[in-house]
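Numbering (the working numbering), first residue to last: 10 to 460. The C-beta atom is built at its ideal place from N, Cα and C for all residues, glycine as well. Please read the structure below before turning to the comments.
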């Protein structure tokens, strides 16, 4: 992986790490690489979430694209998976999303989809990155009639909602659902989609002001939604993140339904319909041991990848699997979408609930999760690199794994989307795993952060 592109595009604090100058050059580099072999003027879509920095970066990115001769079509505020779908529907040459997903408002990001709706492979990102790191000095900038144009694409939201409604194909009449839009991109689509399917919905976190995206709401802050569902007597609650590419839920009792549970439920439903290719679901190493045991008992194989939806998708495409995702709620339903889609996932989960005619808590009780402790250590790029090279820490982590005596596991990794080192310890003894996680945290802080 290069210096700019992480597991989900380029991320950073807007105006600082992700500056207007960087966005301009990403536009230039992307236009040059993605359209090098085209015989026509390239068309590139741009969508964004509700962050206040979105307009700033959109203008810089569009300027970069136009300066190398690409025409730009602005979609406005729209979910990330909508761009992946619309780039195919509209026959565009690429699609760009300006979003930092579940991160706080000060962050933003740029990720790019190719004309087939899939995220760019590493080798293409590396080509773009090479241009950016060279300040795009090798590129010819356009003048006169060769400069690209910027237009706004009307109807994009409606086209996307139409697609979702047809893909979900469900009558949700009788369901009372609370929906948390994270004050993000789902605010523009969820209120059109779920009532159209017949659900009686109340929407919260659906008043974006540019600064409140993911702020104590959405899939990273389920407490508010859980309380709202219980006090309001709803059948369940659905929560999206800032760009609506992931979805988590709560049952009528306020208990969380994470990505593992959603993947298990939807995989079993696909298996019963004879639609689960190779009887396999793809997940990451973060998936709960309780999930793994349940899937095995149901005759469903699990292929595990490194953390990151791009790795899940690579495995799915290579082997022909149709469902995969992450514990965090990023679920890929490859029969319908080329990327994770929170609203599609929510619709399929609600369709299953309506078809079963049971309480959501009954679906949520399909297996018992092993206790997990998650600890995040804030670390900059240099500290992340130092952690990866520290053999003493690696040995210490291995000793903590051995201490669990086969009754749990330890996973420590560098985040590809945030300035953090993530520690996860899982096992049957809550006290033991908490102590192990804290020992690892203390070791990383002493050896890496305090130097």
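Here residue 83 carries a strand assignment [DSSP, helix/strand/coil].
Between the C-alpha atoms of residue 291 and residue 346 there is a straight-line separation of about 15 Å.
Between residue 227 and residue 189, the beta carbon gap of about 6 Å places them in contact (Cβ cut-off 8 Å). When only Cα atoms are considered, residue 44 and residue 183 end up about 49 Å apart. About 5 Å separates the CB atoms of residue 181 and residue 359; that is less than 8 Å, so the two are in contact. Looking from the CA of residue 106, the closest CA among 329, 194 and 158 belongs to 194. In the DSSP assignment, residue 145 falls outside any beta strand (DSSP E) and carries neither an H nor an E. Closest option to residue 239, judged by alpha-carbon separation, among 455, 260, 85 and 125: 260. Secondary structure note for residue 237: its alpha helix (DSSP H) is the uninterrupted segment 232–241. With fewer than 16 other beta carbons inside 10 angstroms of its own, residue 302 counts as exposed. DSSP, read as helix, strand or coil, puts residue 73 in helix. By the neighbour-count definition (other C-beta atoms within 10 Å, threshold 16), residue 381 is a buried residue.
The Cβ atoms of residue 321 and residue 314 sit closer than 8 Å to each other. Annotated three-state conformation of residue 383 is strand, per DSSP. The beta carbon of residue 429 sits closer than 7 Å to those of 385, 386, 387 and 388, all from its chain and outside the five residues before and after it, given in chain order. Judged by their CB atoms, residue 147 and residue 79 are not nearer to each other than the 8 Å cut-off.
Secondary structure in the region 285–359: the beta strand (DSSP E) runs of 3 residues or longer, each lying completely within the stretch, are 289–293, 310–314, 332–334 and 340–342 in chain order. Residue environment for residue 330: buried (at least 16 other C-beta atoms within 10 angstroms of its C-beta). Taking a contact to require three or more Cβ pairs closer than 8 Å, the region 197–204 and the region 159–171 qualify as touching.
For the pair residue 337 and residue 255, the CB atoms are nearer than the 8 Å cut-off. Taken through DSSP and simplified to helix, strand or coil, residue 108 comes out as coil. Beta-bridge pairing by DSSP links residue 436 to 417. By a beta-carbon distance limit of 8 Å, residue 441 does not contact residue 420. Their separation comes to about 16 Å. With a beta-carbon spacing of about 7 Å, residue 271 and residue 258 fall inside the 8 Å limit used to define contacts.
DSSP, read as helix, strand or coil, puts residue 429 in strand. Under the three-state reduction of DSSP, residue 267 is assigned to coil, being neither helix nor strand.
Taking a C-beta distance under 8 Å as the contact criterion, residue 268 and residue 288 do not qualify as a contact pair.
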